[in-house]
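In this note's numbering, the protein residues as written are 206 to 334.
Shown next, in structure tokens, is the structure this report addresses.
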């Protein structure tokens, strides 16, 4: 049983995982910090049945997804929050040539689910089945 409050100092991060089953025994929550280098982009992907909450610590990341008609780019700045619902294809970009984008991510699964997809598309009800 996990019956105490845990503190994870920034220097104690396991890779980028801060709160997980492996670090402090969390069973339903995963949290970590990710630094996206200048001029970087992830591939198009989704996180399966995991929801992801994202908090922008520094920099100006851009989250890209498809709304069924066109690609949508949501630019973030420090203090912004984003929600990526389960199965929604997206990618993260950092278009800044000089500054890294640092975000804190919380997920509803322990597994590092990242399913690459060839292109962005709008999620339909049948896609999540």
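Quick reminder that beta carbons are idealized off the backbone N, C-alpha and C, glycines included.
Quantities reported herein were computed from a predicted structural model and do not represent experimental measurements.
- [ ] Please name the residue or residues paired with residue 278 in a DSSP beta bridge.
- [x] 269.
TODO: Compare the C-alpha of residue 258 against each of 222, 319 and 286 and name the closest.
DONE: Ranked by Cα distance from residue 258, the options 222, 319 and 286 are led by 286.
Task: Backbone CA spacing between residue 217 and residue 237 [nearest angstrom] - done: Using only the alpha carbons, I get a separation of about 12 Å.
Task: Same chain, Cβ closer than 7 Å to residue 278, five either side skipped, listed in chain order - done: Counting only Cβ-Cβ distances below 7 Å, and skipping sequence neighbours, we find 267 and 269.
Task: Identity of the residue in 231, 250 and 247 nearest residue 313 by Cα - done: Looking at the Cα atoms, 231 is the closest of the given residues.
Task: Beta-carbon spacing of residue 265, residue 299 below 9 Å - done: Here residue 265 is near residue 299, since their CB atoms are less than 9 Å apart.
Task: Outcome for residue 323 when other beta-carbon atoms lying within 10 angstroms are tallied against a minimum of 16 - done: The residue in question, residue 323, is exposed, as its Cβ has fewer than 16 Cβ neighbours within 10 Å.
Open item on the list: Considering only the alpha carbon of each residue, which of 255, 296, 222 and 325 lies closest to residue 280?
Closed with: Sorting 255, 296, 222 and 325 by C-alpha distance to the C-alpha of residue 280 places 296 at the top.
Task: Separation of residue 329 from residue 284, as counted between CA atoms - done: Going by the C-alpha atoms only, they are around 30 Å apart.
Task: Boundaries (first-last residue) of the alpha helix (DSSP H) holding residue 227 - done: Segment 226-229, the alpha helix (DSSP H) holding residue 227.
- [ ] Taking the CB atoms as reference points, tell me whether residue 291 and residue 255 lie closer together than 9 Å.
- [x] Yes, these two residues count as a Cβ contact at 9 Å.
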